[in-house]
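To convert, take the position in the sequence shown, counting from 1, and add 1; that gives the working numbering.
Every residue gets a Cβ at the ideal spot worked out from N, C-alpha and C, and that includes glycine.
Computed from a prediction, not measured in an experiment: that's the story for all the values here.
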Amino acid sequence: MTKNKKKIVYDSQGNEYELTGKIGEGGQGMVCSTDRSGTLVKVVNTRDPKKIEKILKQIKWIGQQNLSDLNMALPQVAIVKPKHGYVMELMDGLIPLEEVLNTSFNDLQDNESTEQYLQTGGVSRRIKLLLEIAKTLSELHSRGYAYGDLSPANIFVSQSINHSQVWFIDCDNICFNEREGVTHLYTPGYGAPEVVRNEQNVNSLTDAWAFAVIAFELLTHQHPFKGLGVEDAEPEIGEQLAFEGKFSWVYDTQDDSNESTGGIPLNVVSNKEIGKLFQQCFEEGKVNPLKRPSLSQWRAVLQQAVDKTLDCQSCRHQFFYNEHEVDQICPFCDKNAAPDSFIKFEQVLVVQEEGNDHYHFLNNIRILNKDSNMRFSSAPYGTELWDSADDLLEIKWVEDKLEILPINCAKFHINNSTKGIDSFHKKNIPLTRINPNNPYYVSAWRPSDIEDDEHLKLIQSYRWSMQ
2 MTKNKKKIVY
12 DSQGNEYELT
22 GKIGEGGQGM
32 VCSTDRSGTL
42 VKVVNTRDPK
52 KIEKILKQIK
62 WIGQQNLSDL
72 NMALPQVAIV
82 KPKHGYVMEL
92 MDGLIPLEEV
102 LNTSFNDLQD
112 NESTEQYLQT
122 GGVSRRIKLL
132 LEIAKTLSEL
142 HSRGYAYGDL
152 SPANIFVSQS
162 INHSQVWFID
172 CDNICFNERE
182 GVTHLYTPGY
192 GAPEVVRNEQ
202 NVNSLTDAWA
212 FAVIAFELLT
222 HQHPFKGLGV
232 EDAEPEIGEQ
242 LAFEGKFSWV
252 YDTQDDSNES
262 TGGIPLNVVS
272 NKEIGKLFQQ
282 CFEEGKVNPL
292 KRPSLSQWRA
302 VLQQAVDKTL
312 DCQSCRHQFF
322 YNEHEVDQIC
332 PFCDKNAAPD
342 SFIKFEQVLV
352 VQEEGNDHYH
362 FLNNIRILNK
372 DSNMRFSSAP
382 YGTELWDSAD
392 DLLEIKWVED
402 KLEILPINCA
412 KFHINNSTKG
422 IDSFHKKNIP
432 LTRINPNNPY
442 YVSAWRPSDI
452 EDDEHLKLIQ
462 SYRWSMQ
């Protein structure tokens, strides 16, 4: 192929980029791969000088914002000829979330199989991906910005199911979140009803709606508003009305006129807390955007869900631990999780009363599955401190024992009713010694962080029981 047949664009500094393939396309333009590793180009589909000027101004503005520490492929430099757009950098080994959705959705629809659902990471990885998306968006919102046009095509995830890296592309619609964004732009199916009706511009509340739709689709492989009522309506008209908020969602507690007709049942792939957030968003939040769960709320619930995921040893799917049930039944195969396939960790607060230690369980539960590992910090679980604190302890399930390993220059304390030790070094505990009637308790701290004895006492008062 000769050079003049190649699709070449140039940036404002004269650098040349060969466009090698289309990654995605939306209302504003097309995102392309290039001949440079880790470099993408977005080409906008307008030749209107005023629109081009506005785009270039927006690119410059985004470059001046404090966003470089977020997992976002921000505009780096403007493309100026033969078309306009911008250059962005994206690490290798990522694929669009849309591709993950399509792969397993097609398998479910064509073969009535959840094998590809499992092969693309199952429930566990989907929850981890959603957690990473929620973390980035909640941080963006906390700085006063909204993303704008959130969809599975604009979110890239690790191709390997062993990783849950998340990056956002197409970030030129980021705007200040003062309830009003700069545009009504949205991807069909993901726009909040008030945006679709052209009544409101983008903001953090419209981001929250789009996130909930993506989360629901990723978990259940159905759209929350494409149910029986939409199927019975005129083609296209029904969908448009649904996107405008004129239909109930498929699991509405008050109205079953648009009930679910496909996908994976929500109660199979979510827990009660996640279900409540969907209900809050798609019922009250459909009418009143202020009622929608924030990304911070999603983040907290998803973190707890990640930590309560059980691996089914029978069908290899994952499901959620239910502390209210003795038997942990996998909803995919109806088999009971074997007691020796997981260990429950529960955070306790140790308080001295009349000279004795009293253990108060905080209902903060984490599940360690067979042959896996888990990390702990010294902070109270589920708080902002937990999110920001360094990991200090790693616990691994290795064959017939637990390896307890302090990390990041930490020291740990472990005790049961008969004895306790402090150590800087790895300690092994045979699984046969893990006994609910005489549980081990473990805590960790970094000596260089400790201010005085009272500070150490406070840190050690938060411990994790193993049972």
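From residue i to residue j, what distance separates their C-alpha atoms?
i	j	result
A234	N259	10 Å
I170	C176	15 Å
S379	W387	8 Å
E203	H164	Before going on, a small fix: residue 203 reads as Val here, not Glu. Cα to Cα, V203 sits roughly 31 Å from H164.
K7	E54	27 Å
P76	I408	37 Å
P431	P340	16 Å
S462	N112	53 Å
V302	T310	13 Å
L57	V44	12 Å
H142	L206	10 Å
N67	N174	15 Å
W465	V443	5 Å
H318	L219	15 Å
D108	S125	19 Å
C313	I344	14 Å
Q280	P189	21 Å
K23	G30	11 Å
F539	A193	Since the displayed the chain opens at 2 and closes at 468, residue 539 lies outside it and no answer follows.
Y417	D453	For the record, residue 417 in the displayed sequence is Asn; it is not Tyr. So the alpha carbons of these two residues sit roughly 25 Å apart.
Y382	D391	13 Å
A216	R300	12 Å
Q538	R48	Nothing about residue 538 can be read from this structure; the chain reaches only from 2 to 468.
K136	L229	34 Å
V183	T254	Below a pLDDT of 50, predicted positions are generally treated as unreliable, and V183, at 48, falls in that range; no measurement from the model is reported.
With a threshold of 7 Å on Cβ separation, who are the neighbours of residue i within its own chain once the five nearest residues in sequence on each side are excluded?
i	result
K427	E404, I405 and L406
A411	L393, L394, A445, W446 and R447
Y360	V349 and V351
P437	Q468
D372	W398
M375	R367, L369 and I396
S271	L220
L363	Q348, V349 and L350
I60	P76, A79, Y87 and D173
Provide the residue span of the beta strand (DSSP E) that contains residue i, from first to last.
i	result
I422	G421 to S424
Y441	Y441 to W446
L41	T40 to V45
D12	I9 to D12
P97	L95 to P97
R127	Looking at the DSSP string, R127 is not in any beta strand (DSSP E); the run it does join, the alpha helix (DSSP H), is G123 to S143.
S466	Y463 to M467
Q281	Taken as a continuous stretch (DSSP letters only), Q281 belongs to no beta strand (DSSP E), as it is neither H nor E.
L394	L394 to V399
What residues are listed by DSSP as bridge partners for residue i?
i	result
D358	Q353
L369	I344
T310	F321
Y187	In the DSSP output, where bridge partners are listed per residue, Y187 has none listed.
I think residue i touches residue j, with their Cβ atoms under 8 Å apart; what is that distance to the nearest whole Å?
i	j	result
I128	A306	5 Å
E347	N365	7 Å
V10	P83	7 Å
S13	V81	5 Å
L98	P50	L98 to P50, Cβ: 35 Å. No contact.
T40	E100	Rounded, the Cβ-Cβ distance is 20 Å, inconsistent with contact.
K402	N429	5 Å
F244	L296	F244 to L296, Cβ: 21 Å. No contact.
I368	D423	No, I368 and D423 are not in contact; Cβ-Cβ is about 27 Å, not under 8 Å.
G149	L102	Wrong, their Cβ atoms sit about 21 Å apart, outside the cutoff.
S105	Y118	4 Å
Quick check on the DSSP output: the alpha helix (DSSP H) that includes residue i runs from which residue to which?
i	result
P194	P194 to V197
N409	That residue, N409, is in no alpha helix (DSSP H); it is neither H nor E in DSSP.
P50	P50 to G64
F212	S205 to T221
W387	E385 to S389
Y118	E116 to Q120
F244	I238 to F244
E232	L229 to D233
N268	L267 to V270
By Cβ distance, which residues of its chain are closer than 6 Å to residue i, with the 5 residues on each side in sequence left out?
i	result
P73	According to the sequence displayed, residue 73 carries Met and not Pro. Hits under 6 Å: F169 and C172.
L457	I451
C316	F333 and C334
F283	P225 and W250
E326	none
Cutting at 8 Å between CB atoms, please list the residues of its own chain near residue i, excluding the five before and the five after it.
i	result
L95	F157, V158, S159, Q160, Q166 and W168
E232	G239 and T262
E274	V302, Q305 and A306
I63	L75, P76, C172, D173 and I175
Establish whether the CB of residue i and some CB of chain B are separated by less than 8 Å.
i	result
A411	No chain B is part of this structure, which consists of one protein chain only.
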